[in-house]
Amino acid sequence: MTDWLSPTEWQAVALSLKVSLWATLVSLPLGVLVAFALARWEFRGRQLLNGLVHLPLILPPVVTGYLLLIVFGRQGPIGAWLDQLFGVTLAFRWTGAVLAAAIMAFPLMVRAIRLAIEAVDPRLEQAAETLGASRAWVFATVTLPLILPGVIAGSVLAFAKAMGEFGATITFVSNIPGQTQTLPSAIYTFLQVPGGEASALRLVLVSVAVAMLALLASELLARRAMRRVSGT
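Residue numbering for the sequence shown follows the UniProt record's numbering, starting at 1 and increasing by one per position.
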């Protein structure tokens, strides 16, 4: 691939893979927790939480990126705090691209995991609790194995969404080659340059290939998880 792609193109591919992987891994624990809360818990503000989770799907991505810039920029309330205490800067950094991609992909992850949790019979969890198991142990030994295919599906959906994220990312971290220029940003850049169609086409083919590989891997892992759950 390094011979087929130019150094600039390869940097965009490598950065997109890194950003998407980190966005998925960072958001997965919170995604499972939020999905479980929406599926199993009854609490005041539940519908508000559900609305906030799905808000990035409704808002224009540029609006989400602008809000991230206001909140997590160096002058923003959280961004200034992170910069002063930890020396962490998110705006115009690849770590900011991770944050933007994670937020945009989070609704898809939560929805897939939530559907998997809702498909689990609560009586199975209640039976384990009556035997003296703690809620954490019941989740780890009963619920999690049963929802594993949904967790895998949600993770792959989040990864694919992160790979294709453009609007929020370019608004929050700009389009700096080698630093914040992800695959969609690079495709957009090449389409604005005379003679850049060939480079854009190569990156489009890479995007399709990565998406197909992710879907195939998801199907394989989900089938293995289902066989393990069913005991076959």
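From the three backbone atoms N, C-alpha and C, an ideal C-beta is built for every residue, glycine too.
Note that the coordinates shown come from a computational prediction; the quantities given were computed from them, not determined experimentally.
- Spanning the alpha carbons of Ala217 and Ser134 requires a straight line of approximately 33 Å.
- Val193 carries a coil assignment under DSSP once its states are collapsed to helix, strand and coil.
- Minimum Cα-Cα distance from Met109 among the listed residues Ser27, Pro61, Arg46 corresponds to Ser27.
- The beta carbons of Arg46 and Leu52 sit about 11 Å from each other, so the pair does not count as a contact at 8 Å.
- For Trp22, the enclosing alpha helix (DSSP H) stretches over residues 7–40.
- Non-local C-beta neighbours of Phe166 in its own chain, meaning closer than 6 Å and more than five positions away in sequence, comprise Pro184, ordered along the chain.
- Here the alpha carbons of Arg44 and Val206 stand approximately 45 Å from one another.
- At a Cβ-Cβ threshold of 8 Å, Val173 and Ala100 count as neighbours.
- Per DSSP, the unbroken alpha helix (DSSP H) holding Trp94 starts and ends at 94–118.
- Here Phe172 carries a helix assignment [DSSP, helix/strand/coil].
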